[in-house]
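Asks: Numbering-wise (the numbering used here), the sequence shown opens with residue 5 and increments by one.
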Amino acid sequence: MTTATADQVFRFGGFTLDLAMGTLRGVNEPLFLRPKAYALLSHLARNMGRVVPKSELMDVVWPDVYVTEDSLTQSVREIRKVLGDDMVRTVSKRGYMLAAEAEAAPEITTQPIVAVVRFRNESGDPADEAMVDGFAEDLINGIARFGTVTVLARNSSFSFASFGRAEWPQIRARIGADYLVEGSLRRQGEHVVVAVSLVGIATASQLWGDRFQSQGDGLFAIEREIVEQIVSRLVTRVANAGLEQASRKPVTSLAAYELLLRGFAMLRDPAQTDQRSAEALFEAAIAKDPNYGLAYTYLGLVRALDGEFGRASDSVLENARDLADKGLALSPDQPTGHRVQSLIRLYMRDHEAAEHHMRIALQLNPYDADSIEQMGMLLTMRGRPLEALTWLARGIRIDPLHPHWYQFDRALALYMMGEYRQAADALELATRPAPWIRTRLAACYAQM
Numbered sequence: 005m006t007t008a009t010a011d012q013v014f015r016f017g018g019f020t021l022d023l024a025m026g027t028l029r030g031v032n033e034p035l036f037l038r039p040k041a042y043a044l045l046s047h048l049a050r051n052m053g054r055v056v057p058k059s060e061l062m063d064v065v066w067p068d069v070y071v072t073e074d075s076l077t078q079s080v081r082e083i084r085k086v087l088g089d090d091m092v093r094t095v096s097k098r099g100y101m102l103a104a105e106a107e108a109a110p111e112i113t114t115q116p117i118v119a120v121v122r123f124r125n126e127s128g129d130p131a132d133e134a135m136v137d138g139f140a141e142d143l144i145n146g147i148a149r150f151g152t153v154t155v156l157a158r159n160s161s162f163s164f165a166s167f168g169r170a171e172w173p174q175i176r177a178r179i180g181a182d183y184l185v186e187g188s189l190r191r192q193g194e195h196v197v198v199a200v201s202l203v204g205i206a207t208a209s210q211l212w213g214d215r216f217q218s219q220g221d222g223l224f225a226i227e228r229e230i231v232e233q234i235v236s237r238l239v240t241r242v243a244n245a246g247l248e249q250a251s252r253k254p255v256t257s258l259a260a261y262e263l264l265l266r267g268f269a270m271l272r273d274p275a276q277t278d279q280r281s282a283e284a285l286f287e288a289a290i291a292k293d294p295n296y297g298l299a300y301t302y303l304g305l306v307r308a309l310d311g312e313f314g315r316a317s318d319s320v321l322e323n324a325r326d327l328a329d330k331g332l333a334l335s336p337d338q339p340t341g342h343r344v345q346s347l348i349r350l351y352m353r354d355h356e357a358a359e360h361h362m363r364i365a366l367q368l369n370p371y372d373a374d375s376i377e378q379m380g381m382l383l384t385m386r387g388r389p390l391e392a393l394t395w396l397a398r399g400i401r402i403d404p405l406h407p408h409w410y411q412f413d414r415a416l417a418l419y420m421m422g423e424y425r426q427a428a429d430a431l432e433l434a435t436r437p438a439p440w441i442r443t444r445l446a447a448c449y450a451q452m
């Protein structure tokens, strides 16, 4: 009898069974088995290709408990329903065998999985239940639009709302989620108060929490603003948690997603001046997973940023555009791909194409602060600074801990309108002490 080690991962027939994580995945989604069926599949996987006697299976799955063969048959039926009838073979009068051969499959990039459970209704009015459930469902839909995390559907996540924190680590094996979003909603007259927490399920520890309160008079007027702020911050916190885990590992052991996170963090670091390290990480992510569209997208971005602000050569920009095109071909509905392609086209002075891709990015994900801010920058470059300031203000509101370039782009719009004092104030808020910030600050003071 083979005993599983903590790092055993079995791949067979397009499925991945991770015994350490307690998860089962298909090609693009998590799959779910009840605990006994999962334990049965785990033992069959440990004994891949061997006929496992029924008595052995019953001893392993139901230790110290008397059950009939009917319990075993029901668990086999459940496995076949999920994996297909041919995956578990019945050997007459002997037992069962996992028929598929183990695969040495290339790495498939797995994104963090988030479950948004039903929010608590703290208004005390049963009539508000539909509003509370609808709010949580809006969060599910908003998170899904980013395309950088996998969010479980309502039917899966809402069924676990009544479980306490002590049970969350056990629930992880059933729903396959890495993070859980919980919260409450309370209506006070025409105002709404929302509390949200992001929890790491494995440790039942809170990673982030905040409260949001409506300021307007209408009950639903504030909903979009609250949802877009929560969604943007949740996705950022999930990425930060993944980056913190990845930073503890040597680069050689990182998965493609973790390599991407490290490279992306370097691009956003105001103290980072060497982009070659980020470029190497994106290249390593592609080597790990040649079909990872977002890795090609960010590799194109880092090459377009060579020399900063569009000073890269035509050949470099063409290469960046081609990489971004490949990223979109692999992930056509990834809004970040269109946002990056928009920036590259702007550097190439193809302004119509830049705005075209930017509007697609916003259509795919209207919650992304970086896309909202970049639309403001693009409109400034197209000579529409007043319109740009509306977009820039919205991006800053959604992401109050924004990167340095938010204020830099806002300063450009203000400068174009002749608001030199406000432009200088914005540049003073741009925390990166780069030469191109200081020269523009000098230009503002020269105009006063």
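The beta carbon of each residue, even a glycine, is placed where N, CA and C say it ideally should be.
Starting from Phe412, follow the alpha helix (DSSP H) in both directions and report where the run begins and ends.
Replies: Element bounds for Phe412: 408-420.
Asks: By a C-beta neighbour count over all protein chains shown, 10 Å radius and 16 as the cutoff for buried, is Arg425 buried or exposed?
Replies: Exposed, by the Cβ-count rule.
Asks: What residue range is occupied by the uninterrupted beta strand (DSSP E) comprising Met101?
Replies: Note, Met101: beta strand (DSSP E), 99-102.
Asks: Quick one: any contact between the region 319-326 and the region 279-298, if contact means 3 or more CB pairs under 8 Å?
Replies: Counting Cβ pairs under 8 Å, fewer than three are found: no touch.
Asks: Can you tell which of Leu416, Arg15, Gln210 has the C-alpha that lies nearest to the C-alpha of Val185?
Replies: The candidate whose alpha carbon is nearest that of Val185 is Gln210.
Asks: Is Ala434 closer than 9 Å to Gln411 when the C-beta atoms are compared?
Replies: Yes; because the gap between Cβ atoms is below 9 Å, this pair is in contact.
Asks: Here's the rule: buried if 16 or more other CB atoms are within 10 angstroms of the residue's CB, otherwise exposed. What is Ala260?
Replies: Under this definition Ala260 is a buried residue.
Asks: In angstroms with no decimal places, state the Cα-to-Cα distance between Ala358 and Ser346.
Replies: Ala358 and Ser346: Cα-Cα distance of roughly 4 Å.
Asks: If I measure Cβ to Cβ from Ala316 and keep anything under 8 Å in the same chain, skipping five residues before and after, which residues do I get?
Replies: Within the same chain, Ala316 has close Cβ partners Arg307, Ala308, Leu309, Asp310, Ala324, Tyr351.
Asks: To the nearest angstrom, how far is the alpha carbon of Ala447 from that of Asp374?
Replies: One C-alpha to the other measures close to 26 Å.
Asks: Going by DSSP, name the residue or residues bridged to Ile117.
Replies: Partner(s): Thr154.
Asks: Out of Val196, Gln192, Ile205, Leu189, which one is the CA nearest neighbour of Tyr183?
Replies: Nearest option by C-alpha distance: Ile205.
Asks: Any chance you could list the beta strand (DSSP E) runs of at least 3 consecutive residues sitting entirely within the region 39-110, in chain order?
Replies: The region 39-110 contains these whole beta strand (DSSP E) runs: 92-95, 99-102.
Asks: Can at least three beta-carbon pairs, one atom from the region 13-32 and one from the region 73-83, be found at a separation below 8 Å?
Replies: These segments do not touch.
Asks: Count the other CB atoms, across all protein chains shown, that sit within 10 Å of the CB of Ser59; report buried if there are 16 or more and exposed otherwise.
Replies: With fewer than 16 other Cβ atoms within 10 Å, it is exposed.
Asks: Around the Cβ of Thr340, are there at least 16 other Cβ atoms within 10 angstroms (buried) or fewer (exposed)?
Replies: Thr340 comes out buried.
Asks: Leu26 by DSSP, collapsed to three states: which one?
Replies: The identity of residue 26 in the sequence shown is Gly, whereas the question assumes Leu. Three-state result, Gly26: coil.
Asks: Taking the alpha carbon of Ser127 as the point to measure from, which residue in His195, Arg280, Ser201 has its own alpha carbon closest?
Replies: Taking only the C-alpha atoms, the option nearest Ser127 is His195.
Asks: Once you ignore the five residues that flank Arg122 on each side, which residues in its own chain have a CB closer than 7 Å to its CB?
Replies: Closer than 7 Å at the Cβ level, and outside the excluded window around Arg122, lie Asp137, Ala140, Phe162, Ala165.
Asks: Would you kindly work out how many angstroms separate the C-alpha atoms of Ala131 and Glu391, rounded to a whole number?
Replies: Spanning the two alpha carbons is a distance of roughly 41 Å.
Asks: Could you name the residues that DSSP lists as bridge partners for Arg190?
Replies: Answer is Val197, bridged to Arg190.
Asks: Going by CA-CA distance only, name the one from Val65, Val92, Gly88 that's closest to Gly53.
Replies: Among Val65, Val92, Gly88, the Cα nearest to that of Gly53 belongs to Val92.
Asks: To the nearest angstrom, report how far apart Arg266 and Ala282 are at their CA atoms.
Replies: Rounded to the nearest angstrom, the two C-alpha atoms are 7 Å apart.
Asks: Quick one: does Ser346 have its CB under 9 Å from some CB of chain D?
Replies: Absent from the structure is chain D; it holds one protein chain and no more.
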